[in-house]
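FYI, the numbering for the sequence shown is 127 to 326, going by my numbering.
Positions of the beta carbon are idealized from the N, C-alpha and C atoms, including for glycine.
On a predicted model such as this, the values are computed, not experimentally measured, just so you know.
See structure below.
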Amino acid sequence: MNETARSVTVPARQGRAFTVAAGEPVRITDVQGHQVGDLWVIDAADHGRWLSTSHTRDRLERMFPRPGESFTDQFGDPIAEFAEDDSPGRHDMLFPPCNRWLYESHGLVDHPNCHDNFLAAAASVGVTLPVVPDPVNLFQNSVPDPDGALNVLPAASAAGDSVTLRMLRPAVVVLTSCSVDNWPTNNENCTPLLALIGSA
C-alpha cells in the first residue's frame, strides 16, 4: 500500500465518515460478499451541497452511472466520478436508507439502521444536514423489472469485489454497512466493508 493511502473499516450494521481530498480515489470493497454499502458524499467546503441520486439520474438519464461518468450534487454539478467497477455491476439509486420506522413496521424495535448510522457518522466529523439524503446503495441488487417492480435480491457482489470513486472536490464521505438482516438484501447476514482512500 502506498504510504499516502489509508483505510477505514466499516463494521457490520455501523457507519463511518472520513474526509477525502479533491482527486483522491476511494475504493470500497465488499469484504465477505453480498453486503450493500450506503454511500453519501458531501461537499467539504459547503455542507449544503451533496451527492444527489435524483439529480444524477436526471443529468445522466440513466438509473446508475457507468464507469467514467459522474455523480452530481443537487445543483447538477459533478461531485464524484464513478471511476471503476470490479463487481457484477448491480447497484441502486432508488431506495432511501433503512430507518427505524421501516424496522418497526416489521416488529423490530431498536434495530440498527443506516439512517441513524449516517447521522452519527456525519456528526462525528462535524457535519449536520437539514435532511438525510438518499444514498447510493453500492452492490444493492434491486434492478427494476420491465413492469416496474423492485425485487430486492441478495447483493450479487462476491468477497473482494469493489468499486472506486474519485472525488472531484474536497469531500466528506459517509459509508454505512447496510443493516438489513431480515430480508435477502445482504443475504440475511450483515458483514463489514473496507474503504481505501488514496492510491493503493
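Per DSSP, which residues does residue i bridge with? Please list them.
i, result
"residue 166", "300"
"residue 155", "288 and 320"
"residue 145", "298"
"residue 221", "Note: residue 221 sits in no beta bridge, so no partner."
"residue 196", "207"
"residue 255", "Paired residue(s): none; residue 255 is not in a bridge."
In this structure, does DSSP put residue i in helix, strand or coil?
i, result
"residue 207", "strand"
"residue 246", "helix"
"residue 176", "strand"
"residue 267", "strand"
"residue 184", "helix"
"residue 238", "coil"
"residue 231", "helix"
"residue 135", "strand"
"residue 311", "helix"
Any heavy atom of the ligand ATP closer than 7 Å to the CB of residue i?
i, result
"residue 310", "Inclusion of the ligand ATP in the displayed structure is not the case, the ligand content being empty and no account of it being possible."
Based on Cα-Cα distance, which residue from the options lies nearest to residue i?
i, options, result
"residue 216", "269, 137 and 247", "269"
"residue 146", "305, 258, 171 and 162", "171"
"residue 279", "285, 266, 272 and 286", "266"
"residue 284", "178, 203, 211 and 179", "211"
"residue 204", "276, 310, 297 and 282", "297"
"residue 228", "316, 307 and 135", "307"
"residue 153", "309, 312, 159 and 286", "286"
query = Taking three-plus beta-carbon pairs below 8 Å as touching, is the stretch 178-193 in contact with the stretch 129-144?
reply = Contact fails: fewer than three Cβ-Cβ distances are below 8 Å.
inquiry  = Within 8 Å, do at least three Cβ pairs link the stretch 139-157 to the stretch 300-309?
reply    = Contact holds: three or more Cβ-Cβ distances are below 8 Å.
message = Under 8 Å, with one C-beta from each stretch per pair, do the stretch 195-205 and the stretch 227-245 reach the 3-pair mark?
response = They do not touch, by the three-pair rule.
key: At least three beta-carbon pairs within less than 8 Å, the stretch 150-168 to the stretch 284-293   = Counting Cβ pairs under 8 Å, three or more are found: they touch.
query = Would you call the stretch 217-225 and the stretch 256-266 touching, i.e. three or more CB-CB distances under 8 Å?
reply = The stretch 217-225 makes contact with the stretch 256-266, as at least three CB pairs between them are under 8 Å.
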